[in-house]
């Protein structure tokens with residue numbers, strides 16, 4: 657089963673994106689998540705900051721994100737070592753392979769959270785598997 661993807665379309669007239677990049681959207685959602693999951697009462701400055709983060713995220717993405725937050729769950733999970741940081745299950749190889757390309761927003765197959773690949777993880781070169789040494793019979 658392939659993880660659901662949400663494609664980001666380019667503007668038909670100008671050829672430029674009419675919204676933020678995938679990385680910027682995910683970083684806005686992570687910042688929004690950290691603010692909204694705090695139990696403290698929001699101040700006017702915090703409310704202004706929340707509105708600023710929400711303004712750059714498309715409505716469909718915010719709707720799914722808000723449904724998860726309403727249930728007390730995080731809306732964005734970090735993908736590390738091929739595992740979703742929230743449900744701790746392995747991410748499918750197809751989804752994991754397409755995360756660094758940043759042309760679509762991906763969801764975890766298991767928990768439904770948005771998957772985010774941090775810059776430091778995306779920049780790392782793939783690890784070479786250890787070379788096996790054939791055993792010599794004596």
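In the working numbering, the protein residues as written are 657 to 794.
Cβ atoms here follow ideal geometry from the backbone N, Cα and C, with glycine treated the same way.
Predicted model only: the values in this text are computed from it and were never measured.
Measure the Cβ-Cβ separation of residue i and residue j and say whether it is below 8 Å.
i: residue 772; j: residue 734; result: yes
i: residue 742; j: residue 775; result: no
i: residue 637; j: residue 691; result: Residue 637 is absent from the model: the chain starts at 657 and stops at 794.
i: residue 688; j: residue 710; result: yes
i: residue 712; j: residue 676; result: yes
i: residue 813; j: residue 752; result: No statement about residue 813 is possible, as the shown extent of the chain runs from 657 to 794 and does not include it.
Compute the beta-carbon to beta-carbon distance between residue i and residue j, rounded to the nearest angstrom, for a pair I have assumed lies under 8 Å.
i: residue 732; j: residue 693; result: Actually they do not touch by this definition, with Cβ atoms about 11 Å apart.
i: residue 678; j: residue 765; result: With 8 Å as the limit, residue 678 and residue 765 do not qualify as a contact, their Cβ atoms being about 18 Å apart.
With DSSP as the reference, please indicate the residues paired to residue i in a beta bridge.
i: residue 688; result: Answer is none; residue 688 lacks a bridge partner.
Taking the continuous beta strand (DSSP E) assigned at residue i, which residues delimit it?
i: residue 771; result: 770-772
Enumerated in chain order, which unbroken segments of the alpha helix (DSSP H) with a length of 4 residues or greater are wholly contained in the segment 695-754? The qualifying runs are 700-711, 715-726 and 749-754.
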